[in-house]
Amino acid sequence: MHRRPLDQFVFAISPVYLSAVEDDILAGIPALRNADQQLKIATSQAYNGALRRWVTCSHAGMLEMLNTNFTALNISLAGMLIDKIVATDSGPGNFQGEQMHV
Numbered sequence: 010m011h012r013r014p015l016d017q018f019v020f021a022i023s024p025v026y027l028s029a030v031e032d033d034i035l036a037g038i039p040a041l042r043n044a045d046q047q048l049k050i051a052t053s054q055a056y057n058g059a060l061r062r063w064v065t066c067s068h069a070g071m072l073e074m075l076n077t078n079f080t081a082l083n084i085s086l087a088g089m090l091i092d093k094i095v096a097t098d099s100g101p102g103n104f105q106g107e108q109m110h111v
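In the working numbering, each residue carries its 1-based index in the sequence shown increased by 9.
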């Protein structure tokens, strides 16, 4: 995040692994221009830590909407978050030449 402060960051991650890397992500957030727009995290409802503000929790009710199964639920949710970012960033005259890290 410090090296790419204008990029978008999307994580599809288990709550256990998210807890393990939480401090690293928190350390990178101040480098981002607008973390609320640039950071998205897809995980299950079991996570309730310091990154909660940027987390979208997956749940069984999303299976049909995302046309997926439990194995791929977080990755499918992350894909939906990416689609929303791309739709927002690619509006007329709104391309900023930024990369997206998944």
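Heads up, the beta-carbon is just placed ideally off N, CA and C, and yes, glycines get one too.
(message) Taking 8 Å as the threshold (C-beta atoms), are leucine 86 and alanine 51 in contact?
(response) As a working mapping, residue 51 is identified with position 42 in the sequence shown. As a working mapping, residue 86 is identified with position 77 in the sequence shown. Yes, Cβ-Cβ distance for alanine 51 and leucine 86 is below 8 Å.
(message) Between the alpha carbons of glycine 106 and arginine 12, how many angstroms are there, rounded?
(response) Within the sequence shown, residue 106 is the residue found at index 97, counting from 1. Within the sequence shown, residue 12 is the residue found at index 3, counting from 1. Low confidence applies to glycine 106: its pLDDT is 37, below 50, so where it sits in the model is not reliable enough to give any reading.
(message) Quick check on the burial criterion: 16 or more other C-beta atoms within 10 angstroms. Buried or exposed for lysine 93?
(response) Locating residue 93 in the sequence shown gives position 84, counting from the first residue. Burial call: exposed.
(message) Here's the rule: buried if 16 or more other CB atoms are within 10 angstroms of the residue's CB, otherwise exposed. What is leucine 27?
(response) Indexing the sequence shown from 1 puts residue 27 at position 18. So leucine 27 counts as buried.
(message) Quick check on the burial criterion: 16 or more other C-beta atoms within 10 angstroms. Buried or exposed for aspartate 47?
(response) For the purposes of this step, residue 47 is identified with residue 38 of the sequence shown, where counting begins at 1. Correcting the residue type first, residue 47 is glutamine in the shown sequence and not aspartate. It is buried - the Cβ of glutamine 47 has at least 16 other Cβ atoms within 10 Å.
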